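In the numbering used here, the protein residues as written are 789 to 1212.
Just so it is clear, CB atoms sit at the ideal spot from N, CA and C, and this is done for glycine as well.
Please read these numbers as outputs of a predicted model, since none were measured by experiment.
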Amino acid sequence: MFNRTLAPESKHIDEIHFIEPLKQQLDNGISVFTVNAGKQELVRIEFIFENVNWNPSKPLEAISVSHLISNGTPELSAREIADQVDYYGAFLQTEYGADQSTVKLYTLNKHLVSVLPILRSILNDSIFPEQELAIFVQNQKQSLQVSLQKNDYLARKTFANALFGDTTYGSNIDAADYDAIKREDLLAYFKSAYKPENCTIFVAGKFEEAEFNILNSVIGGKWSNHGQSTVNQFSFTETRGAELLIEKPEALQSAIRMGTLGITRKNVDFAGFQVLNCLLGGYFGSRLMANIREDKGYTYGIGSAVTSLKDAGYFFIATEVGADVCASALTEIEKEIDLLKTVLVPEAELDLVRNYMLGSMLGSLENAFSHADKFKNVYFSGLDYGYYENYIQTVKHITPAELQQLAIRYLNTENFVKVVVGKK
């Protein structure tokens, strides 16, 4: 019988094991990375395409193609595509990111041979019907109109534009950009981006030689798209000390977003900076939560994050607070950052963060899909599994003094971009 008056004994995490993918190649040159694991007859296949041909005057080309790619081919309407995929119990999903666009298929193994031809048709023959485009534009404009009323959305949008300007990371989209979308531009982008030489396939689930042969026979042949393309590449200059206020006199809450350009996964300090971020605002027990939420009661939630993109990294703190305490919240945030620079982190607090971060890493590796996701993170950063080994060792062994030096090096609040939407 369990004694439920006693908490379970805590244990340190010694090792975390990763399933490394098998690399293969289709006949047309597309690289395929497979995490073959799991007992269920289920597979996820992701077709990932680098975003290309960035044009600041047409900022919605890539995201519009990603949204509309499964909305019609010469043979199948959007409804017919959805019905056929649904008939086989499969699921088709598209995702747009700042660096890559993804077409994702979940299917039972026994239906792979039936569903893949539908996907091949989408990747080769999508026509972006005018009617579907008109519906997309109308829906997106309505969604944008609603979002622009939200302080946190405005803060996020303004902050990104201040850091990254008119690039995929920070473009300041408005309704006129949706009105300017033209079908011929989408077709041109589709032909340039969705082609074998710009594609990488990631497979996760039960995927043996027989399934690979099906994939190769359906997808490994000649594709119809061969447009010219240049993979997006950006460089940025830090915006130092910008303070941006979007005033809303009637606001009851103010959204705060502050931060700076930072480091990417390739930097040797990145893992240590993730530990520092976790201490400051990266989990529910963080210092910002303890101060701004639990002690002061200024907000329901506050957090910080460090993000690594292909061409840039950045650090930010975000919250919404009562409009009457916005200035006080900003002061307290800076106080917490200053404490990290001047006072060593207690070992007990650091041990709690170590256990949280290692436990989160272990918990994020629950199936073949999550193992594939971990590989994608390092693959698109130009790294290998040595990154995770370094991350684990850093979390286990980083010292309070090293964290203090990282805070001094990277958390200079005088250089932060500070955005407030509401009342300051």
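What does residue i pair with, by DSSP beta-bridge criteria?
i, result
"V1133", "Answer is none; V1133 lacks a bridge partner."
"N824", "G993"
"Q895", "One point to set straight first is that residue 895 is Thr, not Gln, in the sequence displayed. According to DSSP, T895 bridges with V831."
"M1046", "I1105, K1206"
"K1212", "Answer is none; K1212 lacks a bridge partner."
"F879", "Y894"
"A1093", "F1104"
"L1241", "The displayed coordinates of the chain run from 789 to 1212. Any statement about residue 1241 would go beyond what the structure contains."
"G953", "Note: G953 sits in no beta bridge, so no partner."
"S854", "DSSP lists no partner for S854."
"V840", "V1019"
"G860", "S865"
"S889", "F837, Y884"
Exposed or buried, what is residue i when buried is set at 16 or more other beta-carbons lying within 10 Å of its beta-carbon?
i, result
"K811", "exposed"
"K799", "exposed"
"Y875", "exposed"
"Y1173", "exposed"
"A1136", "exposed"
"F790", "exposed"
"R1053", "buried"
"V1209", "buried"
"Y1179", "buried"
"K1162", "buried"
"P1037", "exposed"
"F1072", "exposed"
"Q1246", "No answer is possible for residue 1246: the residues shown for the chain start at 789 and end at 1212."
"E1218", "Because residue 1218 is not part of the residues shown, which for the chain are 789 to 1212, the question remains open."
"P809", "buried"
"R792", "exposed"
"T1182", "buried"
"S935", "exposed"
"A1117", "buried"
"T946", "buried"
"V1131", "exposed"
Among the residues of its own chain, which have a CB less than 8 Å from the CB of residue i, if the five just before and after it don't count?
i, result
"A963", "K929, L932, Q933"
"T1119", "none"
"D973", "K846, E849"
"E996", "N824"
"N1143", "S798, H800, I801"
"H920", "Note that residue 920 is Glu in the sequence shown, not His. The residues are L856, N859, G860, A866."
"V1133", "L1067, P1188, L1191, Q1192"
"T1018", "V840, N841"
"I818", "P984, C987, T988, I989, I1007, G1008"
"H1185", "none"
"Q888", "I836, F837, E838, N839, F1168"
Spatial neighbours of residue i within its chain, please: C-beta separation below 7 Å, excluding the five flanking residues on both sides.
i, result
"L1223", "Since the displayed the chain opens at 789 and closes at 1212, residue 1223 lies outside it and no answer follows."
"F1157", "R832, A992"
"I906", "I869, Q872, V873"
"N912", "W1011, S1012, N1013"
"K1164", "F990"
"A948", "Y957, G958"
Between the beta-carbon of residue i and the beta-carbon of residue j, is there less than 8 Å?
i, j, result
"S1092", "G1060", "no"
"H899", "A878", "yes"
"L864", "I1007", "no"
"V901", "Y966", "no"
"P844", "S959", "yes"
"L942", "L896", "no"
"W842", "T988", "no"
"V1063", "M1145", "yes"
"I851", "Y884", "yes"
"N1065", "F1103", "yes"
"V1166", "L1067", "no"
"L1049", "A1100", "yes"
"T757", "E834", "Outside the shown range of the chain, which is 789 to 1212, sits residue 757, and nothing can be said about it."
"Q1194", "D1057", "The question names Gln, yet the displayed sequence has Leu at residue 1194. In contact: L1194 and D1057 (Cβ atoms closer than 8 Å)."
"V1205", "A998", "no"
"I1105", "G1047", "yes"
"I1034", "L1076", "no"
"F1168", "K1098", "yes"
Is the closest heavy atom of the ligand MN to the C-beta of residue i under 7 Å?
i, result
"G1101", "As for the ligand MN, it is missing from this structure, which has no ligand bound."
Using a Cβ-Cβ cutoff of less than 6 Å, which residues in the same chain neighbour residue i once the five nearest sequence positions on both sides are dropped?
i, result
"I807", "V823, A825, H1159"
"T1250", "No statement about residue 1250 is possible, as the shown extent of the chain runs from 789 to 1212 and does not include it."
"R1028", "N1203"
"S1096", "T1052, R1053"
"L1128", "A1195"
"G1015", "K979, S980"
Write down every uninterrupted run of the alpha helix (DSSP H) in the segment 1096-1157 whose length is 4 residues or greater and which is fully enclosed by it, in chain order.
-> Counting only runs of 4 or more, we get 1114-1130, 1135-1151.
Continuous beta strand (DSSP E) assignments of at least 3 residues falling wholly in the segment 966-1046 = Inside the segment 966-1046, DSSP marks whole beta strand (DSSP E) runs of 3 or more residues at positions 987-993, 1031-1035, from first to last along the chain.
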